[in-house]
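Per numbering that gives the first Met the number 0: the sequence shown = residues 0 to 104.
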Amino acid sequence: MFFFIGGVQPKTIFLDKQARSCASCGHLKVYLKRVDQYISLFFIPLFPVKRGIPFLACDNCGALYDEKGARMDVKFTGVGQKCSHCGRYIAPDFSFCPYCGRSVG
Numbered sequence: 000m001f002f003f004i005g006g007v008q009p010k011t012i013f014l015d016k017q018a019r020s021c022a023s024c025g026h027l028k029v030y031l032k033r034v035d036q037y038i039s040l041f042f043i044p045l046f047p048v049k050r051g052i053p054f055l056a057c058d059n060c061g062a063l064y065d066e067k068g069a070r071m072d073v074k075f076t077g078v079g080q081k082c083s084h085c086g087r088y089i090a091p092d093f094s095f096c097p098y099c100g101r102s103v104g
């Protein structure tokens with residue numbers, strides 16, 4: 000008997016290697032990205048199913064912009080707590096920061 004583990008999973012594609020600055024917080028590492036959906040087999044993406052919309056996302060404050068630089072309606076609300084070491088927002092039930100690995104408490 001064989002079992003195949005597969006499904007559809009998202010994969011983030013970086014479209015441009017040129018870093019830009021965030022208009023909200025001034026963070027200097029904002030890249031043009033796109034989230035594509037892939038059919039995966041054993042968690043390995045094989046075939047693209049759906050191509051996403053290009054966007055600019057700030058990893059620091061969570062602001063989203065379209066590829067022309069206009070602000071999108073969706074924005075990270077900052078619900079939770081802010082890591083005292085790296086400054087990123089994390090869920091309130093986390094004991095360690097998933098970005099820098101340091102203890103939050």
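We put the beta carbon where it would ideally sit given N, CA and C, even for glycine.
Sixteen is the threshold: when 16 or more other Cβ atoms of the shown chains lie within 10 Å of the Cβ of residue 56, as they do, the residue is buried. Linking residue 47 to residue 21 through their CA atoms gives a straight-line distance of about 29 Å.
Within the DSSP bridge table, the entry for residue 30 names 56 as partners. Pairwise C-beta distances place the region 81-93 out of contact with the region 35-50, as fewer than three of them are shorter than 8 Å. Within the model, the alpha-carbon separation for residue 59 versus residue 6 is close to 31 Å.
The beta carbons of residue 70 and residue 52 sit no closer together than 8 Å. Taking each of 18, 35, 96 in turn and checking the Cα distance to residue 10, the smallest one comes out for 35. In the three-state reduction of the DSSP assignment, residue 43 falls in the strand class, which pools E and B. A residue is called buried once 16 or more other Cβ atoms fall within 10 Å of its Cβ, and residue 14, having fewer, is exposed.
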